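What follows is a single structure, written as structure tokens, with notes after it.
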Amino acid sequence: MEQQKWKLLIVDDEPAMAWFLADIAESEGYEIEIAESGDEGVSKIEQGGYHAVLTDYRMPGQNGLDLIRFTREHYPDIPLVMITGYATVENTIEAFHLGVFDLLEKPFDLAIGRALLQRLRETLERQQRLLSRLTHLRQTNDALPVIISESGAMQRSLRIAKTLSAHPDPLLIYGERGCGRTTLARWVHQWSSEVALPLLQIECSAFNLQELEQLLHEAANAEKQPQPQQQLLNHSVQPHTHSFH
């Protein structure tokens with residue numbers, strides 16, 4: 054398989070520095086374009102097609118931070134590196150607040166430049182893998198929320214959840230707010246033998262126990278299958294549990 058050619062834009066008003074960076078980047082497999090000012094850099098970014106941008110900080114017209122702000126607003130997925138010989142606490146904090154991939158202080162030696170570009174390439178490759186995975190999952194089951202993770206702990210949790218989905222007893226999933234419990238529950242239902250049945254979602258904190266019993270009873274009557282619905286509440290007192298972190 055042919056290796057992905059990453060297109061890198063270098064924005065620097067000093068030709069010697071721009072070509073020095075270009076030589077390093079080309080040796081690391083990047084396809085290079087150079088802009089000689091912040092204004093030209095913004096214009097090229099608007100034309101599209103770049104996977105990453107390296108920009109000097111101090112330039113006539115729009116400076117590096119101006120270019121970073123523009124790119125973050127309009128092209129938030131493009132990794133950005135700011136190059137500067139005038140690093141201060143203020144502009145360093147602002148650059149990282151804007152979400153730069155890294156800061157490269159001048160002067161720097163060849164090894165540092167290569168190491169940064171290698172890390173940048175690894176990040177681009179990881180983004181590509183995740184995007185490919187996301188596209189595949191959306192194509193295969195567009196109705197379900199997507200879980201994408203390269204975390205070993207998360208992958209382990211997904212394997213455990215898939216195993217437990219075959220268990221006949223109720224399953225309690227608990228964890229911190231926002232960690233994806235509802236999404237995981239929908240996938241457990243999808244993996245289970247009861248996937249053909251509707252998934253009933255209830256915000257339990259909005260009801261007391263009597264109200265929950267009545268709600269489940271009415272839902273059961275509507276489906277003319279009262280017993281399974283009643284068992285759902287009765288068995289959930291002591292469910293099979295697992296914590297997902």
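Residues 54 to 298 (my numbering) are what the sequence shown spells out, left to right. No residue lacks a Cβ here, since even glycine has one placed at the ideal position from N, Cα and C. Small disclaimer: the values here were computed from a predicted structure and weren't measured.
Tell me which residue opens and which closes the alpha helix (DSSP H) that residue i is part of.
i    : result
M207 : 205-217
L74  : 68-80
L120 : 117-127
T235 : 234-244
T145 : 142-150
First and last residue of the beta strand (DSSP E) that includes residue i?
i    : result
D92  : First-last for D92: 91-100, but that is the alpha helix (DSSP H), not the beta strand (DSSP E).
I63  : 60-64
T137 : 133-137
D155 : 155-158
T108 : 105-109
E86  : 84-88
L224 : 224-227
Report yes if the C-beta distance between residue i and residue j is below 7 Å; otherwise report no.
i    : j    : result
E86  : L62  : yes
L217 : L225 : no
D66  : E99  : no
D119 : G101 : no
V241 : A206 : no
Once the 5 residues before and after residue i are set aside, which same chain residues still bring their CB inside 6 Å of it?
i    : result
K58  : E84
A78  : L61, I85, L170
H104 : W59, K60, L177
S245 : S218
D162 : none
Within a Cβ cutoff of 7 Å, which residues of the same chain sit near residue i, ignoring the five residues on either side of it in sequence?
i    : result
V153 : I121, L133, V134, M135
S96  : none
F73  : none
Y128 : I98
K159 : I136, T137, G138
Quick one: residues in its chain with C-beta nearer than 8 Å to the C-beta of residue i, no 5 flanking neighbours on either side, listed in chain order?
i    : result
R125 : L133, L151, G152
F123 : V95, I98, Q115
L157 : L107, V134, M135, I136, T137, I165, G166, L169
Y139 : Y110, R111
R174 : W59, E81, G82, Y83
A75  : I63, I85, I87
R234 : I226, Y227, G228, F297
Heavy atom of the ligand HEM less than 6 Å from the Cβ of residue i, yes or no?
i    : result
S246 : With respect to small molecules bound, the structure shown includes none, and the ligand HEM cannot be examined in it.
Is the region 133-147 close to the region 93-108, with three or more CB pairs under 8 Å? In short, these stretches touch, since the Cβ pair count reaches three.
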